[in-house]
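Student: Can you read through this structure? Questions will come right after.
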Amino acid sequence: MRLSSTARAVLATVTTLVLAVIYLPLGVVLVNSFSTSTTLTWPPPGFTLEWWGRAFRNVGALEAIGTSVQIALGATAISLVLGTLVAIALQRYRFFGRDVVSLLVILPIALPGIVTGIALNNFFRTIIDVRLGIFTIIVAHATFCIVTVFNNVIARLRRTGTSLEEASADLGAGIWTTFRLVTFPQLRSALLAGGLLAFALSFDEIIVTTFTAGSGVTTLPIWIFENLFRPNQAPIVSVIAVMLVAVSVVPIWLAQRLAGADQAQH
1 MRLSSTARAV LATVTTLVLA VIYLPLGVVL VNSFSTSTTL TWPPPGFTLE
51 WWGRAFRNVG ALEAIGTSVQ IALGATAISL VLGTLVAIAL QRYRFFGRDV
101 VSLLVILPIA LPGIVTGIAL NNFFRTIIDV RLGIFTIIVA HATFCIVTVF
151 NNVIARLRRT GTSLEEASAD LGAGIWTTFR LVTFPQLRSA LLAGGLLAFA
201 LSFDEIIVTT FTAGSGVTTL PIWIFENLFR PNQAPIVSVI AVMLVAVSVV
251 PIWLAQRLAG ADQAQH
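See below:
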């Protein structure tokens, strides 16, 4: 389809405006992390690296980062196992209620976070009577992180088909041998991409985390929210926010590269 010069100009203008609305605020946060001001003022009166040094020495922030990494790794591990198993079951087998199960697996990522948070909070506290903490956050994050793994794996299974697996079975290989030597190598990049996306999704989640964390557990997003308006903490929060953006962007970029490389091969 060929666009006229006017249409291209309008499209370019709209795209530029949308990208500016999305990324200019991130640029402001980056600049404020070097500001000499102790509040989020604009324009900055001067520039300094002091806040970056303080951020790396801030015990609360470092502990929050460690907690977020621990939770994200746990949620990613659960998502990789369950997302892969569900994807294989739904793609390779036909059974009653298959479409309903597929919908139920995808639904958590479409639900508002506050709804998921309230539901899980009630489930943990009143139905199974589990103390809120890191374990409940990991389980809560896994409920929506599993979708990223599931989508990547089932898309790969649809592209690869079953011919190689059937050939393996014809040659006498069992289910686990076929999975280890045939299915898993085909899914490897999809699993890596899904795992990276799941990690990024869990690492910066705050709404569901707030409802399932309980007292005494502080993830990095919660630490940022609690310290944003405290005296002299705003510049340090800006530094941590820049680090959070970097940690979130890298897995997504790697996942995109992996998906692009896989599409090129197929």
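Be aware that the sequence shown starts at 1, since it is given in full-length UniProt numbering, and climbs by one per residue. Cβ coordinates follow ideal geometry from the N, Cα and C atoms, glycine included.
#1: Can you round the beta-carbon distance between Ala-12 and Ser-202 to whole angstroms, since I take them to be within the 8 Å contact cut?
#2: For Ile-252 versus Leu-197, is the C-beta distance shorter than 8 Å?
#3: If Arg-159 sits next to Gly-214, beta carbons under 8 Å apart, how far is it from one beta carbon to the other, in whole angstroms?
#4: Check whether the Cβ atoms of Thr-218 and Ala-55 sit closer than 8 Å, and answer yes or no.
#5: If Thr-67 sits next to Ile-134, beta carbons under 8 Å apart, how far is it from one beta carbon to the other, in whole angstroms?
#6: Between the alpha carbons of Gly-27 and Pro-45, how many angstroms are there, rounded?
#7: Using C-beta distances below 6 Å, list every residue in its chain close to Ile-78, excluding the 5 sequence neighbours before and after it, in chain order.
#8: Under the three-state reduction of DSSP, which class applies to Ser-163: helix, strand or coil?
#9: Using DSSP with H/G/I as helix, E/B as strand and the rest coil, what is Ser-37?
#10: Looking at the secondary structure, which residues open and close the alpha helix (DSSP H) in which Asn-32 lies?
#11: What residue ranges within the region 32-95 form continuous beta strand (DSSP E) runs of no fewer than 3 residues, ordered along the chain?
#12: Beta-carbon separation of Gly-216 and Leu-80 under 8 Å?
#13: Can you look up Asp-99 in the DSSP assignment and give me helix, strand or coil?
#14: Determine contact between the region 219-229 and the region 168-188, defined as no fewer than three beta-carbon pairs at a distance below 8 Å.
#15: I need the DSSP call for Leu-244, collapsed to helix, strand or coil.
#16: Taking the alpha-carbon of Ala-241 as reference, which of Leu-19, Val-100, Trp-52, Ile-137 has the nearest alpha-carbon?
#17: Can you give the Cα-Cα distance for Asn-32 and Pro-235, rounded to whole angstroms?
#18: According to DSSP, simplified to helix, strand and coil, what is Asp-129?
#19: Quick one: Cα of Pro-185 to Cα of Asn-152, how far?
#20: Given this structure, state the Cα-to-Cα distance separating Leu-191 from Phe-199, to the nearest angstrom.
#21: Quick test of your reading: Val-149 and Gly-83, contact by CB under 8 Å. State the CB separation rounded to the nearest angstrom.
#22: Determine the direct distance from the alpha carbon of Arg-230 to that of Ile-106, and round the result to whole angstroms.
#23: Grouping DSSP H, G and I as helix and E and B as strand, with all else coil, what is Arg-158?
#24: Buried or exposed for Ile-146, please, with buried defined as at least 16 other CB atoms from any protein chain shown within 10 angstroms of its CB.
#25: Quick one, which of Val-249, Glu-205, Asp-204, Arg-180 has its alpha-carbon nearest Ala-193's?
#26: Nearest to Ala-89 by alpha carbon, out of Phe-144, Met-243, Gln-233, Phe-179?
#27: Report yes if the CB atom of Leu-228 is closer than 8 Å to the CB atom of Val-237, and no otherwise.
#28: By the 10 Å Cβ neighbour count, where 16 or more other Cβ atoms means buried, how is Gly-161 classified, buried or exposed?
Tutor: Once the coordinates are examined:
#1: Between Ser-202 and Ala-12 the Cβ distance is about 36 Å, and since that is not below 8 Å, they are no contact.
#2: With a cutoff of 8 Å on beta-carbon distance, Ile-252 and Leu-197 are scored as near each other.
#3: About 42 Å; that fails the 8 Å criterion.
#4: For Thr-218 and Ala-55, no; Cβs fall outside 8 Å.
#5: Yes, they are in contact, since the Cβ atoms of Thr-67 and Ile-134 sit about 7 Å apart, within 8 Å.
#6: Rounded to whole angstroms, the gap between the alpha carbons of Gly-27 and Pro-45 is 16 Å.
#7: Within its own chain, the residues whose Cβ lies closer than 6 Å to the Cβ of Ile-78, once the five positions on either side in sequence are excluded, are Ala-142, listed in chain order.
#8: Helix at Ser-163.
#9: Looking at Ser-37 - three-state DSSP - the assignment turns out to be coil, as it is neither helix nor strand.
#10: In the DSSP assignment, Asn-32 falls within the alpha helix (DSSP H) that extends over 5-32.
#11: Counting whole runs of 3 or more residues, the region 32-95 contains no beta strand (DSSP E) stretch at all.
#12: Taking 8 Å as the Cβ cut-off, Gly-216 and Leu-80 do not qualify as a contacting pair.
#13: Note: Asp-99 maps to helix in three-state DSSP.
#14: By the Cβ rule, the region 219-229 does not count as touching the region 168-188, because fewer than three pairs are nearer than 8 Å.
#15: If DSSP states are grouped into helix, strand and coil, Leu-244 belongs with the helices.
#16: For the residues Leu-19, Val-100, Trp-52, Ile-137, the minimum Cα distance to Ala-241 belongs to Trp-52.
#17: Cα to Cα, the separation comes out at about 6 Å.
#18: In the structure shown, Asp-129 falls within a coil segment according to DSSP collapsed to helix, strand and coil.
#19: Straight-line Cα distance between these residues: approximately 14 Å.
#20: Their backbone Cα atoms lie some 12 Å apart in a straight line.
#21: Indeed they touch by this definition, with Cβ atoms about 3 Å apart.
#22: Cα to Cα, the separation comes out at about 39 Å.
#23: Helix.
#24: So Ile-146 counts as buried.
#25: Considering only alpha carbons, the answer is Val-249.
#26: Here the closest residue by C-alpha is Phe-179.
#27: Note that the C-beta distance between Leu-228 and Val-237 is below 8 Å.
#28: Flag for Gly-161 reads exposed.
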